[in-house]
Amino acid sequence: CIYDQKRRKANFLKLEEAHFFASPADERIMPWQSSIFGRYSEVDTIEEIETKFMNLTIVNMNETLEYTSDTFGLKTLDERGGLFLHEVANVSHSCWRGDDGDCKWEPLYNDHLYAVLH
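All letters in the sequence shown, in the order written, are residues 5 to 122 by our numbering.
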């Protein structure tokens, strides 16, 4: 309902800053760019997802309907300088919360997360 949309947008815009992190090495989130509001190109049916999956392109955040129409305040937050998208190489999905094989959480925290949180 329109009231809920307006309320969610107002709540989102209460944020002074929002930081979102993503990694091309994330093996669970597809596309990994969706962690920073990207997405696959539009499809009309579920069958298209199955048959055209390998040919879908990635739509960057600033080209999505949600951004261009500012449906929940993403564009507004970005334009006022409060939106920060962080792309970090070689971080597996599980490494965002702890060591995962060769990916160590402490350097990830020290190099990328600490400054944002403090």
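Don't be surprised by glycine CBs; every beta carbon is placed ideally from N, CA and C.
As the structure is a prediction and not an experimental result, all values here were calculated from the model.
Asked                                                                                                                                 : Found
Would you call the CB atoms of L117 and A22 closer than 8 Å?                                                                          : no
Ends of the beta strand (DSSP E) at F16?                                                                                              : That residue, F16, is in no beta strand (DSSP E); its alpha helix (DSSP H) goes 6-16.
Could you give the distance in angstroms between the alpha-carbon of M34 and the alpha-carbon of L81?                                 : 25 Å
How far does the alpha helix (DSSP H) with Y119 in it extend, from its first residue to its last?                                     : A small fix is needed here, since residue 119 is Ala in this sequence, not Tyr. Per DSSP, A119 belongs to the alpha helix (DSSP H) from 118-121.
Can you check DSSP and say which residues form a bridge with C99?                                                                     : C99 pairs with nothing; no bridge assigned.
What would DSSP say about E91, mapped onto helix, strand or coil?                                                                     : strand
Could you check where the alpha helix (DSSP H) with Y71 kicks off and where it finishes?                                              : 69-72
Is it right to say L121 is buried, meaning 16 or more other beta carbons lie within 10 angstroms of its own, or is it exposed?        : exposed
Please say whether F16 and G77 have beta carbons closer to each other than 8 Å?                                                       : yes
If you count every other CB in all the chains shown that lies within 10 Å of the CB of M58, and 16 or more means buried, which is it? : exposed
Classify I33 as helix, strand or coil using the three-state DSSP reduction.                                                           : coil
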